[in-house]
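Trainee:
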């Protein structure tokens, strides 16, 4: 019986390993598929960016855990073992980091701090400069979207959200469906995209939908790059329909050198760092799912294969 | 009986006038000393950057209101009428704007967004970049300092504050005195200066005190420029003792063209716009003090001349 950790080195698999080991010194953990002694022993796998087809090698796999909030990368593997349940992570620290990033970006825009930083010779003086809009729209009201909504409500923003199914969240206007999306976009000053990548969300943000935002709106993407049609965003920024964008995720990562986003004056880009998975913090949740998987109990944060998240 | 408004045009005296007029259509309001018909009629004056000695012209003045949170500019007039009480403004909108500015700046630093903005060709990828420090120190725990403390507590920061007298604020470690200042600075990652300008605070932030901050700390000044020794800040930034600074107030405003702050890579400057006085929002408070003044009742937000604020 063993637990396989298959993560890029930059995700610090050894820290996850020692955190799991401190929870259960008896647990056999193998780091990297190349170090697996006996494939038949692997019962649980924690993966991110794993080689396609890898997971078919373990005949006794009871469950697979994505090492992040999203499962789209895992599900993109067309050779997954049939019938093996897939789980993903939800974690308060991750939600806090992402909410913090989103608030940082929205306040940066509202208080025009980038403009001041890039124009230190300014001569106008003394009137509080605040972007007037106060309406936030959040695409995706799952664990991360709800946490962000709470932080923006605390800061006095008006908050609306759109998701596959209507949600009941205190203080948040909830929308769903295509008409609901239009209705929300029409009143939105700051659009925050935290959507998972699914068949429904692929290319959802395009000329048609982004044009429905209030003129001068600001777009932020921390979900998945593939939900945005990149050329459409650039056209809307150049036309002045949108006033700016902050992008943390891209169709292809790392973003290519010389990609038009890199030097666009209205775009702030960050290297997919709005949040990352803290190994110490998620180890208990992974270990809990491991125990549940090997004893056949209901798993936490099970991915719904029909909806893709 | 009249109320005199003496403000720079950029402070929109006409909006204040119409807001006051809507509270009391009978109130006689005069805008600008040059338009006063009968100096003996002036019973209340709202001022900002008034000409020295102006207020001696009104023999029946019952009270003077500063048109901002600070009264240092008013008190700098060495020819003030003796015995006429001075009040200042406190206002929730102003406190919210300032708290928002402070949070924007601290999160900007924590999430290194300016660094990303100035280096859009970055190649490192994917690890959440967060400045590790979590300890905020607030100099000045009056109305504005308390409001800021609350916002930072909500966002999960550890918050301490230093003020002339010890304060009881839930969740905030309170310090006073020179030893208390040292003790607080020693543990501070982000120092927020909201101090009023008084004999005690003049030049308080200098090589000695700023060196007591944790190495790599970040300094923010939204109080008054004269509390900071400018050359000392530059030396500490250049030596790497401090990692950066955001300055909204300066010893001389507007800041001179070519001032070393303008092009320093570790300094973000803004044009004294962390908050400004919203005329509509403060009109009721000014009108209330007007009524109290002419009927000899206790005034709101009376300035303590001994302590200078």
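Residue numbers (the working numbering), protein chains in the order written: chain A, 1 to 309; chain B, 310 to 618.
Just so it is clear, CB atoms sit at the ideal spot from N, CA and C, and this is done for glycine as well.
For a contact meaning CB atoms closer than 7 angstroms, what does residue 436 of chain B contact in chain A?
Mentor: Here residue 436 of chain B is taken as the residue at index 127 of the second chain, counted from 1. Within 7 angstroms Cβ-Cβ: 10, 273, 276.
Trainee: Check whether the stretch 574-587 of chain B and the stretch 126-144 of chain A are in contact - that is, three or more C-beta pairs closer than 8 angstroms.
Mentor: yes
Trainee: Contact check, residue 89 of chain A vs residue 68 of chain A under 8 angstroms by CB: the rounded distance?
Mentor: Here residue 89 of chain A corresponds to residue number 89 of the first chain, with the count starting at 1. Here residue 68 of chain A corresponds to residue number 68 of the first chain, with the count starting at 1. Sure, about 6 angstroms apart at Cβ, within 8 angstroms.
Trainee: Would you mind working out which of B/474, B/605, B/342 sits nearest residue 367 of chain B, comparing C-alpha positions?
Mentor: Counting from one through the second chain, the residue named residue 367 of chain B turns up at place 58. Closest option to residue 367 of chain B, Cα to Cα, is B/342.
Trainee: Provide the residue span of the alpha helix (DSSP H) that contains residue 261 of chain A, from first to last.
Mentor: Taking the first residue of the first chain as 1, we reach residue 261 of chain A at position 261. Note, residue 261 of chain A: alpha helix (DSSP H), 260-263.
Trainee: Which residues, in order along the stretch 144-159 of chain A, keep a beta-carbon less than 9 angstroms from a beta-carbon of chain B?
Mentor: Listed by position along the chain: 151, 154, 155, 156.
Trainee: Taking the C-alpha atoms as reference points, what is the distance between residue 60 of chain A and residue 91 of chain A?
Mentor: The residue labelled residue 60 of chain A in the question sits at position 60 within the first chain. The residue labelled residue 91 of chain A in the question sits at position 91 within the first chain. Roughly 28 angstroms between the two C-alpha positions.
Trainee: If you reduce the DSSP assignment to three classes, tell me which class residue 409 of chain B lands in.
Mentor: As a first step, residue 409 of chain B is located in the second chain; it is residue number 100 there, counting from the start. In the structure shown, residue 409 of chain B sits in a helix (DSSP, three-state: H, G or I).
Trainee: Measuring from the CB of residue 17 of chain A, is there a heavy atom of the ligand SAH at a distance below 6 angstroms?
Mentor: Looking at this structure, you won't find the ligand SAH or any other ligand, since it has none at all.
Trainee: Please check if any C-beta of chain A sits within less than 7 angstroms of the C-beta of residue 425 of chain B.
Mentor: By one-based count along the second chain, residue 425 of chain B stands at place 116. Flagged as an interface residue toward chain A: residue 425 of chain B, by a C-beta distance shorter than 7 angstroms.
Trainee: Could you list which residues in chain B have their beta carbon closer than 8 angstroms to that of residue 132 of chain A, in chain order?
Mentor: Walking along the first chain from the start, residue 132 of chain A turns up at place 132. The contacting residues do not exist; residue 132 of chain A stays about 13 angstroms from chain B at best.
Trainee: Just checking, does the stretch 90-110 of chain A make contact with the stretch 327-340 of chain B on the three C-beta pairs under 8 angstroms criterion?
Mentor: no
Trainee: On the premise that residue 531 of chain B lies in contact with residue 452 of chain B, defined as a C-beta separation below 8 angstroms, what is that separation, rounded to the nearest angstrom?
Mentor: Here residue 452 of chain B refers to the residue found at position 143 when the second chain is read from its first residue. Here residue 531 of chain B refers to the residue found at position 222 when the second chain is read from its first residue. About 13 angstroms; that fails the 8 angstroms criterion.
Trainee: DSSP state of residue 294 of chain A, grouped into three classes?
Mentor: Translated into the one-based positions of the first chain, residue 294 of chain A becomes position 294. DSSP places residue 294 of chain A in helix when its eight states are reduced to three.
Trainee: What does the Cβ neighbour count give for residue 226 of chain A, buried or exposed, with the cut at 16 atoms within 10 Å?
Mentor: Against the first chain, residue 226 of chain A aligns to sequence position 226. Buried.
Trainee: Could you tell me which of B/361, B/355, B/424 sits nearest to residue 575 of chain B, measuring between CA atoms?
Mentor: Position 266 of the second chain, counting from 1, holds the residue named residue 575 of chain B. Looking at the Cα atoms, B/424 is the closest of the given residues.
Trainee: Is residue 304 of chain A helix, strand or coil by DSSP?
Mentor: In the first chain, counting from the first residue as 1, residue 304 of chain A sits at position 304. If DSSP states are grouped into helix, strand and coil, residue 304 of chain A belongs with coil.
Trainee: For residue 275 of chain A, does the three-state DSSP call read helix, strand or coil?
Mentor: Residue mapping note: residue 275 of chain A aligns to position 275 of the first chain, counting from 1. DSSP places residue 275 of chain A in coil when its eight states are reduced to three.
Trainee: Would residue 399 of chain B count as contacting chain A if we go by Cβ distances under 7 angstroms?
Mentor: Residue mapping note: residue 399 of chain B aligns to position 90 of the second chain, counting from 1. Chain A, which has no Cβ nearer than 7 angstroms to the Cβ of residue 399 of chain B, makes this no.
Trainee: Could you give the distance in angstroms between the alpha-carbon of residue 491 of chain B and the alpha-carbon of residue 561 of chain B?
Mentor: For the purposes of this step, residue 491 of chain B is taken as residue 182 along the second chain, with counting starting at 1. For the purposes of this step, residue 561 of chain B is taken as residue 252 along the second chain, with counting starting at 1. Distance between the alpha carbons of residue 491 of chain B and residue 561 of chain B is about 28 angstroms.
Trainee: Label residue 179 of chain A either buried or exposed according to how many other C-beta atoms from any shown protein chain fall within 10 Å of its C-beta, with 16 as the threshold for buried.
Mentor: Position 179 of the first chain, counted from the first residue, corresponds to residue 179 of chain A. Its Cβ having fewer than 16 others within 10 Å, residue 179 of chain A is exposed.
Trainee: Taking residue 410 of chain B as the query, report the chain A residues whose CB atoms sit under 7 angstroms from its CB, ordered along the chain.
Mentor: The residue you call residue 410 of chain B lines up with position 101 of the second chain. The contacting residues are 111.
Trainee: Check each residue of the stretch 228-261 of chain A: if its Cβ is closer than 9 angstroms to any Cβ of chain B, include it; give the result in chain order.
Mentor: Listed by position, the residues of the stretch 228-261 of chain A near chain B (Cβ gap below 9 angstroms) are 246, 253, 254, 255, 257, 258, 261.
Trainee: At a Cβ threshold of 7 angstroms, is residue 416 of chain B touching chain A?
Mentor: Mapped onto the second chain, residue 416 of chain B falls at position 107. With 7 angstroms as the cut-off, residue 416 of chain B counts as an interface residue toward chain A.
Trainee: Consult DSSP for residue 136 of chain A and reduce its assignment to one of helix, strand or coil.
Mentor: Looking up residue 136 of chain A in the first chain gives position 136. Strand, per DSSP.
Trainee: Do residue 596 of chain B and residue 507 of chain B have their C-beta atoms closer together than 7 angstroms?
Mentor: Reading the second chain from its first residue, position 287 is the one you call residue 596 of chain B. Reading the second chain from its first residue, position 198 is the one you call residue 507 of chain B. No; because the gap between Cβ atoms is not below 7 angstroms, this pair is not in contact.
Trainee: Report the residue ranges of all beta strand (DSSP E) runs contained in full by the stretch 41-120 of chain A; include only those spanning at least 3 residues, in chain order.
Mentor: 42-47, 63-66
Trainee: Going by DSSP in three states, residue 554 of chain B sits in which element: helix, strand or coil?
Mentor: Residue numbering aside, residue 554 of chain B sits at position 245 when the second chain is read from its first letter. The answer is strand: DSSP assigns residue 554 of chain B an E or B state.
Trainee: So what's residue 283 of chain A in DSSP terms, helix, strand or just coil?
Mentor: What you label residue 283 of chain A is simply residue 283 of the first chain in a count that begins at 1. Correct three-state label for residue 283 of chain A: helix.
Trainee: Of all the CB atoms in chain B, is at least one closer than 7 angstroms to the CB of residue 120 of chain A?
Mentor: The residue you call residue 120 of chain A lines up with position 120 of the first chain. Yes, because at least one Cβ of chain B sits closer than 7 angstroms to the Cβ of residue 120 of chain A.
Trainee: Give the residues of chain A in contact with residue 432 of chain B, contact being defined as C-beta atoms less than 9 angstroms apart.
Mentor: Residue mapping note: residue 432 of chain B aligns to position 123 of the second chain, counting from 1. Within chain A, the residues near residue 432 of chain B are 254, 257, 271.
Trainee: In chain B, which residues lie with their C-beta within 9 angstroms of the C-beta of residue 268 of chain A?
Mentor: Translated into the one-based positions of the first chain, residue 268 of chain A becomes position 268. Within 9 angstroms Cβ-Cβ: 422, 425, 426, 429.
Trainee: Which same chain residues end up closer than 7 angstroms to residue 349 of chain B when comparing Cβ atoms and leaving out the 5 residues on each side of it in sequence?
Mentor: The count along the second chain starts at 1 and reaches residue 349 of chain B at position 40. Same-chain partners within the cutoff: 368, 369.
Trainee: Just to confirm the assignment, what range does the alpha helix (DSSP H) spanning residue 452 of chain B have?
Mentor: Taking the second chain and counting its residues from 1, the one referred to as residue 452 of chain B is at position 143. Per DSSP, residue 452 of chain B belongs to the alpha helix (DSSP H) from 452-463.
Trainee: Note down, in chain order, each residue of its chain lying with its Cβ closer than 6 angstroms to the Cβ of residue 337 of chain B, except the 5 sequence neighbours on either side.
Mentor: Walking along the second chain from the start, residue 337 of chain B turns up at place 28. 311.
Trainee: Using a 10 Å radius around the Cβ and a threshold of 16 neighbouring Cβ atoms, would you call residue 123 of chain A buried or exposed?
Mentor: Residue numbering aside, residue 123 of chain A sits at position 123 when the first chain is read from its first letter. Answer is exposed; the Cβ neighbour count stays below 16.
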